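The sequence shown maps to residues 1129 to 1817 in the numbering used here.
Single-structure report; data block below.
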Amino acid sequence: MWKKVWTILLAVPILATAQFRFEHTPENRWILSNGIIEATFAYTEKKTFEFESIRSLKTGDSWQAAQNVISSPVRFATIRTAVDAYIPLNLVDATTVAIDKKGMRQTLVFEESGGGFRIYLHLEMYENQPVLRYSVRVKNNLDASRRVRLADMLSWRFDQPAGGLQMMRVNQWSVLPPLGNFQPIESSLKDGNAVRLTSGASEQECAWIAIRDANNRGLVAGWEFDGKTEAGAEWSAKEKRLTLSAQIADLNRRLEPGEEFQVPPAFIGLFHGDWDEAGYRTQRFVENVLGKTPPEGNKFPYAVWDSWAYRTDIHEEVLRRNAEQAARMGMELFIVDLGWAQGIGDWQEDPEKFPSGLRALSDYVHSLGMKFGLHIAPAEAAANSPVVRDHSDWLATEPNSYFGAKSICLSHKPAQEWVLSQILRVIDDYAVDWILQDGEHMVKQCTRTDHTHDPEDSNYSNAVEGLDALLEAVQIRRPNTSWENCANGGSMMTFNMVKRYVTSITNDASGARAARQAVYGATYPFPPRYSDRYMPEMASNTYETRSYMFGGPWIFMNKLVDMTAEQQKLAESEIRTFKQIRGQIGSSKVFHLTAGPAEGRTDAIQGHLPELDSSVVVVTRDLARGPFTLKPGGLNPEKTYMVRFQSDSRVLTMTGGQLMNDGVPITLPQSQSAEIVYLEPADRNPENN
Ligand SMILES: [Zn+2]
């Protein structure tokens, strides 16, 4: 059998842009390379499909498969059968195609002996990305139904004889104990002690891990699933093995004859260096491959106003006055938050709050040159809303509640179709450019037996066929409306999220220090644009404004019309600065130069653009005693840099070596104050000198 396949494969030309080399050898090995990394797999005479190694062609770092066990990215199980590295599989097809985003895909198709599952394995690489992305899809070829009870998105076993492995994971935002505000958590992988995490909607951690050894040889991994996932890493000294896994929680997928099941894709990448480098490699992959393209790339992330300072006590008059002020201050997006509708789940404008109609406000906002955004909680409905009165059977069994509302089951087809129609109508009727999604736990629990989904498969079906299917349906039909991820804060920080949303909130209007803390942690797994920040303060000083300067959209959540003239003037000038640096920060490598922000510290975060060798650093003194010396990262020690400041009028010339080793003293006279530092090669004509 395999010889026949091999002949077919040799007939397939090696498709490629220059740097790709996807090769099938006469020994039935697949050597996949994009010129940056090389991954090797083998189909053995025992008919097992095995991972062999992944290595960097730039650094020489190599991760080999564990000895004495077989490692395979295919790992799922029914109650009776495990389909994993040890199961003999017949290889029935193999194809290589060029794919979007400058990528190449190897597809291998296997069949269980005796005809059971048909398994489609996709292995993908992309230009200039040291990342292998992959996914498994299974089809039930039996005459009887089968239930898939386990699916591992991160099935890897690496040879790792020596200890000293460090692992990093990052919390999501969580207001329920244990509290989370994107704290990065570093652990040692000690012999036999697994480090475990749970990701997905309303879970504890982001869907990401990074691991490195004492020689800075590192792996990053992320998974593209919004539901609950139980992931972990474990090192065994005796077995000399590093084991990774990320399993879909509570999976119970019934497959009728001929039915298919898609295990969500995941990726594994190589880095060499510290956690900033791990983050950078992940972030470049997101920006180049996975991430939803933002609107107006060069104007994104936006300066934004959001009405939540008024809570639900809004009215068209006060919103108009805030819109005029927002436009004067240079804002680009104006969002009407919760409270515009007659009720949660009743997505019709409230005629008392909008006597001229919500569309008139939207038109006015557009006439002022801004985009119009609207809050919607797609899976929530108040008990007295028409949808709940008419269709109480659409409710999910979800125990959590959003402002007292009930949960709609997005995985129940009639309910999803209704929600889709409502979102499309809202977008069209009110000319909506931006949706601030909100809710409580976006992937609802639902075990009802009268819904179209399987009651025993709530987690997967509500994530993939519920929320994700709804978003896809909306976005295909209304591609020009952008989505912001929020569910009382950034509590669904996954690599599926980045495919649907152009940004995400981090924490929920928690103040200047908490905003910096969230950005500090979120900018390990996610590009800066996925850290948007709600600013409740009035912009009384640059400590306040610059605490929100670094990241994605800067969202003012204050009463603009109540700001003093002085506050307005400061905010206007700071928004101008934000617009000058946002493009650079978005594409930069983030250096976390200090420990995370905390009372009594000075913190510094740097965005360094390797292509231009220029940097923006935001330095914030937060009740710290004593002076602060900034030591930036990423510079060329031999090169001379011009050092300028946003507030301080000094202009310095220093070498990269001087800057990184001796540092530059930052003038921060107030106990709460902030400075923005610019570093540019001295041989480039600085714009404002
Ligand atoms: Zn349901």
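For glycine and all other residues, C-beta sits at the position ideal for the given N, C-alpha and C.
None of these values were measured; they are calculated from a predicted model.
Between the stretch 1630-1645 and the stretch 1669-1688 there are three or more inter-stretch CB-CB distances shorter than 8 Å, so the stretches are counted as touching. Ranked by how close their Cα comes to the Cα of GLU1333, the residues THR1609, GLU1584, ALA1650 have ALA1650 in first place. Listed by position along the chain, the residues with Cβ atoms less than 7 Å from a non-hydrogen atom of ligand 1 are ALA1524, CYS1537, SER1539, HIS1540, CYS1574, ARG1576, HIS1579, HIS1581. Distances from the CA of PHE1654 to each of ASN1624, SER1668, TRP1682 were compared; the closest alpha carbon is that of ASN1624.
Burial state of ILE1165 is buried, judged by a 10 Å Cβ sphere holding 16 or more other Cβ atoms. A direct Cα-Cα distance of roughly 39 Å separates SER1283 from ILE1683. LEU1787 carries a helical assignment under DSSP once its states are collapsed to helix, strand and coil. Rounded to whole angstroms, the gap between the alpha carbons of VAL1745 and THR1670 is 14 Å. One thing to note: ARG1277 has its Cβ no nearer than 7 Å to the Cβ of ILE1376. Here the alpha carbons of ALA1732 and MET1498 stand approximately 32 Å from one another.
Nearest C-alpha to SER1799 among ALA1752, THR1223, SER1490: ALA1752. Spatial neighbours of GLY1728 in its own chain (CB-CB distance under 8 Å, excluding positions within 5 residues in sequence) are listed in chain order as ASP1750, LEU1751, ALA1752, ARG1753. Of the candidates PRO1216, ASN1321, PRO1201, the residue whose Cα lies closest to the Cα of TYR1262 is PRO1201. Boundaries of the beta strand (DSSP E) around ILE1794: 1792-1794. Boundaries of the beta strand (DSSP E) around VAL1745: 1742-1750.
Between the C-alpha atoms of THR1768 and THR1783 there is a straight-line separation of about 4 Å. When PRO1656, SER1535, HIS1503 are compared, the shortest CA-CA separation from ALA1511 is found for SER1535.
Apart from the 5 residues on each side of it in sequence, PRO1385 sits with its Cβ closer than 8 Å to the Cβ of ASN1268, ASN1269, LEU1270, ASP1271, ALA1272, SER1273 in its chain, given in chain order. For the stretch 1425-1498, the full-length beta strand (DSSP E) segments reaching 3 residues or more read 1431-1434, 1461-1464, 1469-1471, 1474-1477 along the chain. Residue ranges of uninterrupted beta strand (DSSP E) with 3 or more members, entirely inside the stretch 1248-1326 and ordered along the chain, are 1259-1268, 1274-1279, 1284-1287, 1294-1298, 1312-1316. Within the same chain, and ignoring the five residues on either side of LYS1541 in sequence, the residues whose Cβ sits closer than 6 Å to its Cβ are THR1580. In the structure shown, MET1663 adopts extended strand secondary structure according to DSSP, grouped into three states. Taking every protein chain shown into account, the CB of GLN1195 has fewer than 16 other CB atoms within 10 angstroms, so this residue is exposed. The alpha carbon of VAL1391 has as its nearest neighbour, out of TYR1492, SER1316, GLY1680, ASN1380, the alpha carbon of ASN1380.
By the neighbour-count criterion, in which 16 or more other beta carbons inside 10 Å mark a residue as buried, PRO1393 falls on the buried side. In the three-state DSSP reduction, ASN1613 falls in the strand class (E or B). PRO1154 counts as exposed, since fewer than 16 other beta carbons sit within 10 angstroms of its beta carbon. Annotation: LEU1807 is outside any alpha helix (DSSP H); the continuous beta strand (DSSP E) that includes it extends over 1800-1809.
When the beta-carbon positions are compared, LEU1293 and ILE1337 stay at least 7 Å from each other. Boundaries of the alpha helix (DSSP H) harbouring LEU1698: 1693-1715, taken from the DSSP string. Classified as exposed, PRO1527 has fewer than 16 neighbouring CB atoms from the shown chains inside 10 Å of its CB.
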